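To start, the structure under review is shown below, and the notes come after it.
Residue numbers (full-length UniProt numbering): 1 to 464.
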């Protein structure tokens, strides 16, 4: 059992949370089966002329007087009560009605109000979803517009798993999503835990953490202060695994993931303390560097702890990126105090870098030459590419570079919460941003002690 004086939490999955998720999953399947059975019973009652509600009684009475039941496909535009419109106008109306300026939170899942800000709770319906119930044609076109034109935000791993119920026709086209991962803390004793005010530059004092009280169990069960943080990231990423499809037969190709076209991922880490969290475990490394390694072109992370545990986790998260992929690290976006709702924090600029930027254009992938991994060679221009997966595609239409060294152009968001992007050039030596300057003085690299022109190093960081 953890010591009462030990300030660090040990990483685990809470049994109570797991039991809750297991409870609601069978309910969804049961509801789907009951809905299908209900539709079959209604069809039988309709065929035998038996009403089951006042609305159905009116429909049956109308069909008996006219001799034929009218369906939407058999009605004219006058019968339906609206004039005929050109398809281009209808599609424009659908796009306006089914597109939201804010991300859709936890689609196909019940909202977890504790994971929402006050502004998100008060928004209400963001789209006119009832358009999809008009007719089959508008349902098909509207569904395609809704799933392809909106941004989506997930706050629980279960919500990501439930997203697998959506048809692959719509999931296969999604290129970016956001995960809001709120660290959870548990304790079987009453202790006040605080989030250091250095968690975000706008905080004026320490914030008391929300700690879920749990009962003491048998002495052999590991109790004390514990957290669900790094393992929660693992569960979010594991939810991207391919959903089960009985019609798929994996013989020559692996089963596609939940979002096969995913190239951009944003992780908003909330309450990830830089004084209470332990180091991430081997499961975290396995899912980031192996199972989903080299799959993304861009990764945005906010709220990463500024300690050794956070540095280790950030290095392993960069394994999700392809060679020459863009890694963006920003200040925390949210904080959740012990009492009250989730609070939004002001943003700033991204700290950006390109991971594994080196390559050797003169050597093919099947070259048998020995790779020189000495310090003099590994930071030299054009040393051998280490990665075995395809590199991230180059940005189209970059400006001309005025630097003498090799650079990589990337379009970087102008701020943490902005959709506007500007061109930024990164050094192929280190992957860090190349700063514009008028001085001809070279800066000394702290790793290899070589002089590189106009290299922009992050504060208190070294090369990776």
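The beta carbon of each residue, even a glycine, is placed where N, CA and C say it ideally should be.
Note that the coordinates shown come from a computational prediction; the quantities given were computed from them, not determined experimentally.
When we look at the beta-carbon of residue i and count the other beta-carbons within 10 Å, is it buried (16 or more) or exposed?
{"i": "residue 294", "result": "buried"}
{"i": "residue 218", "result": "exposed"}
{"i": "residue 175", "result": "exposed"}
{"i": "residue 539", "result": "Residue coverage of the chain in this structure runs from 1 to 464, which leaves residue 539 outside it and unanswerable."}
{"i": "residue 108", "result": "exposed"}
{"i": "residue 373", "result": "The predicted model places residue 373 with a pLDDT of 43, which falls under 50 and marks its position as unreliable; any figure quoted below should be read in that light. So residue 373 counts as exposed."}
{"i": "residue 492", "result": "Because the chain here runs from 1 to 464, residue 492 falls outside it and cannot be looked at."}
{"i": "residue 336", "result": "buried"}
{"i": "residue 399", "result": "exposed"}
{"i": "residue 198", "result": "exposed"}
{"i": "residue 187", "result": "buried"}
{"i": "residue 236", "result": "buried"}
{"i": "residue 419", "result": "exposed"}
{"i": "residue 11", "result": "buried"}
{"i": "residue 410", "result": "buried"}
{"i": "residue 226", "result": "buried"}
{"i": "residue 182", "result": "buried"}
{"i": "residue 57", "result": "exposed"}
{"i": "residue 333", "result": "buried"}
{"i": "residue 323", "result": "buried"}
{"i": "residue 243", "result": "buried"}
{"i": "residue 297", "result": "buried"}
{"i": "residue 190", "result": "exposed"}
{"i": "residue 282", "result": "exposed"}
{"i": "residue 408", "result": "buried"}
{"i": "residue 234", "result": "buried"}
Rounded to a whole number of angstroms, what is the C-alpha to C-alpha distance between residue i and residue j?
{"i": "residue 171", "j": "residue 88", "result": "25 Å"}
{"i": "residue 149", "j": "residue 99", "result": "6 Å"}
{"i": "residue 247", "j": "residue 389", "result": "29 Å"}
{"i": "residue 251", "j": "residue 245", "result": "14 Å"}
{"i": "residue 106", "j": "residue 115", "result": "10 Å"}
{"i": "residue 45", "j": "residue 13", "result": "48 Å"}
{"i": "residue 42", "j": "residue 303", "result": "52 Å"}
{"i": "residue 162", "j": "residue 125", "result": "20 Å"}
{"i": "residue 392", "j": "residue 30", "result": "43 Å"}
{"i": "residue 397", "j": "residue 424", "result": "12 Å"}
{"i": "residue 352", "j": "residue 416", "result": "11 Å"}
{"i": "residue 291", "j": "residue 338", "result": "35 Å"}
{"i": "residue 32", "j": "residue 154", "result": "22 Å"}
{"i": "residue 111", "j": "residue 402", "result": "50 Å"}
{"i": "residue 325", "j": "residue 117", "result": "31 Å"}
{"i": "residue 307", "j": "residue 275", "result": "8 Å"}
{"i": "residue 210", "j": "residue 196", "result": "13 Å"}
{"i": "residue 167", "j": "residue 8", "result": "43 Å"}
{"i": "residue 451", "j": "residue 355", "result": "Reliability of the predicted coordinates at residue 451 is poor, the pLDDT of 44 falling under 50, and the value obtained from them is presented with this limitation in mind. Roughly 21 Å between the two C-alpha positions."}
{"i": "residue 413", "j": "residue 350", "result": "8 Å"}
{"i": "residue 17", "j": "residue 62", "result": "52 Å"}
{"i": "residue 212", "j": "residue 184", "result": "8 Å"}
{"i": "residue 104", "j": "residue 92", "result": "20 Å"}
{"i": "residue 27", "j": "residue 38", "result": "16 Å"}
{"i": "residue 36", "j": "residue 254", "result": "31 Å"}
Using 8 Å for Cβ pairs, my map puts residue i next to residue j. What's the rounded Cβ distance?
{"i": "residue 230", "j": "residue 284", "result": "5 Å"}
{"i": "residue 51", "j": "residue 60", "result": "5 Å"}
{"i": "residue 216", "j": "residue 192", "result": "Residue 216 to residue 192, Cβ: 18 Å. No contact."}
{"i": "residue 319", "j": "residue 329", "result": "Going by Cβ atoms, the distance from residue 319 to residue 329 rounds to 15 Å, so no, they are not a contact pair."}
{"i": "residue 312", "j": "residue 289", "result": "Going by Cβ atoms, the distance from residue 312 to residue 289 rounds to 12 Å, so no, they are not a contact pair."}
{"i": "residue 357", "j": "residue 426", "result": "7 Å"}
{"i": "residue 331", "j": "residue 347", "result": "6 Å"}
{"i": "residue 428", "j": "residue 406", "result": "4 Å"}
{"i": "residue 97", "j": "residue 128", "result": "4 Å"}
{"i": "residue 259", "j": "residue 240", "result": "6 Å"}
{"i": "residue 123", "j": "residue 102", "result": "7 Å"}
{"i": "residue 299", "j": "residue 262", "result": "Residue 299 to residue 262, Cβ: 11 Å. No contact."}
{"i": "residue 287", "j": "residue 238", "result": "6 Å"}
Just grab the DSSP bridge partners of residue i for me.
{"i": "residue 227", "result": "11, 185"}
{"i": "residue 410", "result": "424"}
{"i": "residue 213", "result": "187"}
{"i": "residue 432", "result": "353"}
{"i": "residue 468", "result": "A query on residue 468 cannot be resolved here, the shown segment of the chain reaching from 1 to 464 and no further."}
{"i": "residue 104", "result": "152"}
{"i": "residue 283", "result": "Residue 283 pairs with nothing; no bridge assigned."}
{"i": "residue 342", "result": "117"}
{"i": "residue 298", "result": "264, 326"}
Less than 7 Å between the CB of residue i and some heavy atom of the ligand ATP, yes or no?
{"i": "residue 41", "result": "You won't find the ligand ATP in this model; it holds no ligand whatsoever."}
Looking at the C-beta of residue i, does it have a partner C-beta in chain D at a distance below 8 Å?
{"i": "residue 8", "result": "In the structure shown, chain D cannot be found, because there is only a single protein chain."}
field: alpha helix (DSSP H) runs wholly inside the segment 110 to 197, at least 4 long, in chain order
entry: Listed in chain order, the complete alpha helix (DSSP H) runs (minimum 4 residues) inside the segment 110 to 197 are 118 to 121, 136 to 149, 157 to 162, 168 to 171.
message: Quick check for students: name the residue ranges of the alpha helix (DSSP H) that lie wholly in the segment 226 to 272, counting only runs of 4 or more.
response: Complete alpha helix (DSSP H) runs here, min 4: 230 to 238.
- prompt: Which parts of the segment 300 to 340 are runs of the alpha helix (DSSP H), unbroken and 4 residues or longer, counting only runs that do not cross its ends?
  reply: Under the rule that a run must span 4 or more residues, the alpha helix (DSSP H) segments found entirely inside the segment 300 to 340 read 308 to 317.
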